[in-house]
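Remarks on the structure that follows.
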Amino acid sequence: VNKTDVVDPVPYYDRGTGPQGGTFLDYRVQVSNAGPSYGTGVKITETMTPPAARSVRFVCDTTTAGGSTCNSPSLCSVANVDSGLGTALPAFTCDVPAGNSTTGAARGDLAAGQRKTIFLRFEALLQPAPTGDVFSNVAVVSANEPDSSTGNDTESEPTTTRQRIDLRVSKTSDQATVAINEPFNWTV
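With this note's numbering, letter number 164 in the sequence shown gets 155, and the count goes up by one each step, no holes.
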């Protein structure tokens, strides 16, 4: 399994504000089958832990990386669940999606030498600390068949949320007018 966050750090926006209406942590999870056997019942188990005094919501599995359209039917066992303050979301599972005859046609199937991708969306519910907050997201892959190399079945991806800032600049000259070749200073 390989997990990446789509954006990191993520700027914080209160719910209903910002370009997407809140602060979303989006992940791309790729599950690969090195073979030699065909995999069935292939899924990831997800754990998301917010920092102390913060909470997070698992929104849904989405159709694209960073997208807001939830899959229907969902690949995951839950949607729209919130954590407690500083408490991990209850672990949930997500099947690899249906594919084709090359990758594995059925949901949960993964052919040898192939990979499938799951996109996940979480929402940070509270404003981060001034120095930022780090959310810990872990995926563990499993299948019905025994795994010959379990050392690559877990992937952790920390994601940081940050408060936005408002920088300003001003610039003044030490002289109102300047003649050609006359030195002057800018104060920035």
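The beta-carbon is built from N, C-alpha and C at its ideal position, and this holds for glycine as well.
On a CA-only basis, which of the options is nearest residue i? Give me that one, please.
i             : options                           : result
serine 46     : Thr54, Asn71 and Asn24            : Asn71
valine 132    : Phe126, Ser140, Asp144 and Gly123 : Asp144
asparagine 24 : Pro64, Val129 and Thr108          : Thr108
glycine 90    : Thr152, Leu101, Phe49 and Thr36   : Leu101
alanine 96    : Arg19, Gln154, Pro119 and Gly30   : Gly30
aspartate 52  : Thr36, Thr40, Ala44 and Pro41     : Thr36
serine 74     : Thr94, Leu117, Asn(-7) and Ser92  : Leu117
leucine 111   : Asp124, Gln105, Val125 and Ala130 : Ala130
lysine 162    : Ala170, Asn176 and Thr168         : Asn176
alanine 115   : Gly9, Val(-8), Tyr3 and Val(-3)   : Tyr3
alanine 79    : Pro41, Ser59 and Thr141           : Pro41
threonine 151 : Gln166, Phe113, Asn62 and Ala170  : Phe113
aspartate 5   : Pro64, Thr14 and Val69            : Thr14
threonine -5  : Gln154, Asp165 and Glu146         : Glu146
Just verifying my parser: in three-state terms, what is the DSSP assignment at residue i?
i             : result
threonine 141 : helix
asparagine 62 : coil
valine 69     : coil
glycine 30    : strand
proline 2     : strand
Can you tell me where the beta strand (DSSP E) holding residue i begins and where it ends?
i            : result
tyrosine 18  : 14 to 24
arginine 48  : 47 to 53
cysteine 85  : 83 to 86
threonine 38 : 34 to 40
arginine -7  : First, the amino acid is wrong: residue -7 is asparagine here, not arginine. First-last of the beta strand (DSSP E) with asparagine -7: -7 to -4.
So, is residue i buried or exposed, given that buried needs 16 or more other C-beta atoms within 10 angstroms?
i              : result
isoleucine 156 : exposed
threonine 178  : exposed
alanine 44     : exposed
valine 160     : exposed
glutamate 136  : exposed
arginine 48    : buried
glutamine 105  : buried
leucine 158    : exposed
proline 88     : buried
leucine 76     : exposed
aspartate 17   : buried
Runs of beta strand (DSSP E) lying entirely within the segment 101 to 179, each at least 3 residues, in chain order: 105 to 115, 124 to 133 and 145 to 153
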